[in-house]
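What follows is a single structure, written as structure tokens, with notes after it.
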Amino acid sequence: MTDDALAVHRAFYYAVEAGDVDLMASLWVDDPGTSCVHPGALPLRGTAHVLRSWTVLMANVGYIQFFLTDIDVVTFPRGSDEPTTATITCTENILSGEGMTSPEAFAGGKAVCTSILVRDPAGSRTAGDWKLWSRHASPIADLHLREDD
């Protein structure tokens with residue numbers, strides 16, 4: 756079951772990188788309770804608001820690529836053959852050309868992300884019925900401390 760949830764998680768990042776609004780829309784539960792917190796932003800509630808934010812982001816970023824590390828998956832109920840919830844945490848290592856003056860230049864950044872996926876209640880308990888319920892990403896400060904600090 757964790758492979759199925761991870762496949763949806765990977766599809767989310769592919770949708771952002773490819774600017775695929777239709778794929779992005781297919782990955783979220785359609786419910787007013789869904790939520791998304793972009794780095795440094797206030798929480799968004801409801802699928803329509805969440806999808807609008809991703810559409811705007813994808814329309815305004817020319818190039819973005821994610822390299823995910825530290826991926827961890829926990830499913831609930833624990834030990835169940837039919838889990839209904841999955842929490843996926845990871846570190847997003849982000850490469851983007853956004854804001855750079857030269858077309859050959861890239862900027863990088865890091866964020867820690869938690870995604871909560873649920874089994875689609877209308878689904879048939881197949882791999883495709885995992886959907887995003889909530890996502891929260893927070894930037895990771897790159898602190899360069901001296902040894903005497």
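The numbers in the sequence shown follow our numbering, run straight up by one, and end at 904. Beta carbons: idealized from backbone N, C-alpha and C, even for Gly. These figures come from a predicted structure and were not determined experimentally.
Residues in its own chain within less than 6 Å of Arg800 by CB, not counting five upstream and five downstream?
-> Only residues of its own chain outside the window of five on either side were considered, and among them Ser790 have a CB closer than 6 Å to the CB of Arg800, listed in chain order.
C-alpha distance - Thr802 paired with Ser808, whole-angstrom precision | In this structure, the CA atom of Thr802 is about 10 Å from the CA atom of Ser808.
Under 8 Å between the Cβ atoms of Ala760 and Ile843?
-> The answer is yes: Cβ separation under 8 Å.
Beta strand (DSSP E) containing Thr844: first to last residue?
-> Looking at the DSSP string, the run of the beta strand (DSSP E) that includes Thr844 is 840-851.
When Leu823, Val805, Gly864, Asp884 are compared against Tyr769, the one with the closest alpha-carbon | The option with the nearest alpha carbon to Tyr769 is Leu823.
Where does Phe821 land, buried or exposed, given buried means 16+ other C-beta within 10 angstroms?
-> Within 10 angstroms of the beta-carbon of Phe821 lie 16 or more other beta-carbons, which makes it buried.
Could you tell me which residues DSSP puts in a beta bridge with His891?
-> Beta-bridge pairing by DSSP links His891 to Val792, Thr869.
Three-way DSSP call (helix, strand, coil) for Ala862 in this model = In this structure, Ala862 counts as strand in the three-state DSSP scheme.
Hey, Ser736 and Ala862: beta-carbon distance below 8 Å or not?
-> The structure shown does not extend to residue 736, since the chain is modelled only from 756 through 904, so no value can be given for it.
Unbroken beta strand (DSSP E) run spanning Leu812, endpoints = Leu812 -> not in any beta strand (DSSP E); alpha helix (DSSP H) instead, spanning 802-815.
Is Asp897 helix, strand or coil by DSSP?
-> In the three-state DSSP reduction, Asp897 falls in the coil class, being neither helix nor strand.
Three-state class that DSSP yields for Ala766 in the structure shown | In this structure, Ala766 counts as helix in the three-state DSSP scheme.
Candidates Pro798, Ile895, Ala773: closest to Glu847 by CA position | Of the candidates Pro798, Ile895, Ala773, the one whose C-alpha sits nearest the C-alpha of Glu847 is Ile895.
For Trp888, I'd like the list of residues in its chain whose CB is within less than 7 Å of its CB, leaving aside the five on either flank, ordered along the chain.
-> Shown here for Trp888: same chain residues with a beta carbon closer than 7 Å to its own, the five before and five after excluded, namely Val784, Thr789, Ile871, Leu872, Val873 in chain order.
For the alpha helix (DSSP H) that Val776 lies in, which residues bound it at each end?
-> That run of the alpha helix (DSSP H) goes 776-781.
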